[in-house]
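Enquirer: Residue numbers (numbering that gives the first Met the number 0): 0 to 289.
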Amino acid sequence: MRLKSFISVSALVITGTMLTYCQTDSEGFKTNDSGLKYKFHVSSDTAKAAKESDIITISMKYYIHDSLLFNSEKIHQPIQFPIVKPTFKGDFYEGLAMLHRGDSASFKCNADSIFLKMFKARALPKFVKLNDVVRFDVKLLNVASPEEFEAQKKAELALLSGKGEQILKDYIAKENITVQPTASGLYYIETVKGKGEIAKAGQKVSVHYTGTFTDGTKFDSSLDRNKPLEFVVGQGQVIKGWDEGIMLMNKGAKAKLVIPAGLAYGERGAGSIPPYTPLVFEVELVDILK
0 MRLKSFISVS ALVITGTMLT YCQTDSEGFK TNDSGLKYKF HVSSDTAKAA KESDIITISM
60 KYYIHDSLLF NSEKIHQPIQ FPIVKPTFKG DFYEGLAMLH RGDSASFKCN ADSIFLKMFK
120 ARALPKFVKL NDVVRFDVKL LNVASPEEFE AQKKAELALL SGKGEQILKD YIAKENITVQ
180 PTASGLYYIE TVKGKGEIAK AGQKVSVHYT GTFTDGTKFD SSLDRNKPLE FVVGQGQVIK
240 GWDEGIMLMN KGAKAKLVIP AGLAYGERGA GSIPPYTPLV FEVELVDILK
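1) Counting along the chain, where does the alpha helix (DSSP H) carrying Tyr170 start and finish?
2) Nearest-angstrom Cα distance between Ser160 and Glu266?
3) Taking DSSP as the reference, what is the three-state secondary structure of Lys128?
4) Helix, strand or coil for Asp286 per DSSP?
5) Going by the beta-carbon positions, is the gap between Phe135 and Phe106 smaller than 8 angstroms?
6) Run through the DSSP bridge pairs and tell me what Ile78 is partnered with.
7) Does the structure place the region 181-199 close enough to the region 207-222 that three or more beta carbon pairs sit under 8 angstroms?
8) Does Asn339 pass the burial test, meaning 16 or more other C-beta atoms within 10 Å, or should it be called exposed?
9) What did DSSP end up calling Phe135 once you bin it into helix, strand or coil?
10) Roughly how many whole angstroms lie between the Cα atoms of Asp286 and Glu164?
11) Quick one: grab the DSSP three-state call for Ser221.
12) By how many angstroms is the C-alpha of Val83 removed from the C-alpha of Arg100?
13) Go ahead and label Lys36 buried or exposed: buried means 16 or more other beta carbons lie within 10 angstroms of its beta carbon, across all protein chains shown.
14) Does the region 137-145 come within contact of the region 34-53, defined as at least 3 CB pairs closer than 8 angstroms?
15) What is the rounded straight-line gap between the Cα of Ser271 and the Cα of Ala182?
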């Protein structure tokens, strides 16, 4: 997962230092010598533990009081990052170093330390008070050496690539799409003719769109915001399938773009869009702004 709205997870830090178990509070949280509060829900001493330079994969939620601030399940991607040395005592990453593969636990940390030191915020958010506590609920899904992680990633991407190609073929057949794809693989299906000149590279355009997966699930739409998207076409400001498709349209035209993964977000994916996912866009070229 690589979202700026969360944190730069590649900078997450963990210590392998042994923790001394101390007092237990009324909620069952113990406190170690550095002040970290922790509570195990599932614990194993025999599964693989992480060490420095290993890549760990976790699922996570975190809260202030009872308000959920982040849930990795909502972004449909696990959080992955390498283990590096800690920056301060008692941080969240100390707790992660206590986990073995398959373990789940909760950790409590001071909100000011989390936002100012871990998240690198310049100031506390308005909804966070100085003495607030952040609770993390974490499950350690996997531990791998850099070499193991790279091999796993390649295998997963190869599987996803083949799956994405089959999903696209099935969609074309199901929707009875008979137009031939362009040389790049884009399916351009005009639904309303426009007028005037075709949009050219370097021109600023205004586009309304609705994006869906091939099963019809909508993931984004400018219509929901009642504001078309403006961008310079042919400059890589949007995905390749958009650049190519919009340069087949003139003002007022509407079209369906069936975009293979290689012309969309490819092996990386984006937000809720998994890697190697073909996409469908209903687009309208509202205006060519020159």
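Each residue gets a CB set at the ideal place from its N, CA and C atoms; glycine is no exception.
Expert: So, to answer that:
1) If you number the sequence shown from 1, residue 170 lands on position 171. Unbroken alpha helix (DSSP H) run through Tyr170: Pro145 to Lys173.
2) Your numbering for residue 160 matches position 161 in the sequence shown. Your numbering for residue 266 matches position 267 in the sequence shown. Rounded to whole angstroms, Ser160 to Glu266 spans 8 angstroms at the Cα level.
3) Within the sequence shown, the letter at position 129 stands for residue 128. Lys128 falls in the coil class under three-state DSSP.
4) Taking the first residue of the sequence shown as position 1, residue 286 is located at position 287. Strand at Asp286.
5) Taking the first residue of the sequence shown as position 1, residue 135 is located at position 136. Taking the first residue of the sequence shown as position 1, residue 106 is located at position 107. Taking 8 angstroms as the cut-off, the beta carbon of Phe135 is found closer than this to the beta carbon of Phe106.
6) As a position in the sequence shown, residue 78 is number 79, starting the count at 1. Answer is Ile57, bridged to Ile78.
7) no
8) Past the edges of the chain, shown from 0 to 289, lies residue 339, and the structure says nothing about it.
9) One-based indexing of the sequence shown puts residue 135 at position 136. In this structure, Phe135 counts as strand in the three-state DSSP scheme.
10) Within the sequence shown, residue 286 is the residue found at index 287, counting from 1. Within the sequence shown, residue 164 is the residue found at index 165, counting from 1. Rounded to the nearest angstrom, the two C-alpha atoms are 33 angstroms apart.
11) As a first step, residue 221 must be located in the sequence shown, where it is residue number 222. Three-state DSSP puts Ser221 in a helix.
12) In the sequence shown, residue 100 corresponds to position 101, counting from 1. In the sequence shown, residue 83 corresponds to position 84, counting from 1. About 18 angstroms.
13) Along the sequence shown, read from residue 1 onward, the residue named residue 36 stands at position 37. Buried, since its Cβ has 16 or more Cβ neighbours within 10 Å.
14) yes
15) Along the sequence shown, read from residue 1 onward, the residue named residue 271 stands at position 272. Along the sequence shown, read from residue 1 onward, the residue named residue 182 stands at position 183. Roughly 28 angstroms separates the two Cα atoms.
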